[in-house]
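Everything in the sequence shown is counted per my numbering, starting at -3 for the first residue and increasing by one. Every residue gets a Cβ at the ideal spot worked out from N, C-alpha and C, and that includes glycine. Take a look at the structure below.
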Amino acid sequence: MEVSSTLNGAKLSAQKGRLIADMIRKKSAASALDILRFTPKKGAQLMLKLLESAMANAENNKGADIDELHIAKIEVNEGPTFKRMMPRAKGRMNRICKRTCHITITVAEQE
-3 MEVSSTLNGA KLSAQKGRLI ADMIRKKSAA SALDILRFTP KKGAQLMLKL LESAMANAEN
57 NKGADIDELH IAKIEVNEGP TFKRMMPRAK GRMNRICKRT CHITITVAEQ E
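Following this line, the structure appears as structure tokens:
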């Protein structure tokens, strides 16, 4: 039984999100919560909320035991990039890319 939760268009680059995802991949849900609570990064707070949502979905919709949950799969994919312009000297412009990502966390009960 797998339950997933998705955050689309998170204002975080996929590269920075994957650093956080690698820390909690294949861990139990309880230990992943502890890791995310004490990680001082913006992406950790986003993934903490997403993991809590996935755990609540598993408990309320599927009747799963929270103590038996582990992270089965976590994906951080690139989202749309917002392009902005910054004026430079002599009438030129530089492009600034505001990157986003899509985060998906799937939790499952341990066998």
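Item to complete: Figure out for me which residue from A54, G5 and R33 has the closest Cα to the Cα of E77.
Response: Contrary to the premise, residue 77 reads as Thr rather than Glu in this sequence. The residue with the shortest Cα to Cα distance from T77 is G5.
Worksheet item: Can you name the start and end residues of the alpha helix (DSSP H) that S49 belongs to?
Response: K38 to K58
Worksheet item: Taking DSSP as the reference, what is the three-state secondary structure of L65?
Response: strand
Item to complete: Per DSSP, which residues does I99 bridge with? Please list them.
Response: L3 and V72
Practice prompt. Go to M82, then tell me how far its beta strand (DSSP E) extends in each direction, as first and last residue.
Written response: F78 to P83
Item to complete: Run the CB neighbour count on C93, radius 10 Å, all protein chains shown included, and call it buried at 16 or more, exposed below.
Response: exposed
Discussion item. What does the Cβ neighbour count give for M89, buried or exposed, with the cut at 16 atoms within 10 Å?
Written reply: exposed
Discussion item. Using a 10 Å radius around the Cβ and a threshold of 16 neighbouring Cβ atoms, would you call M82 buried or exposed?
Written reply: exposed
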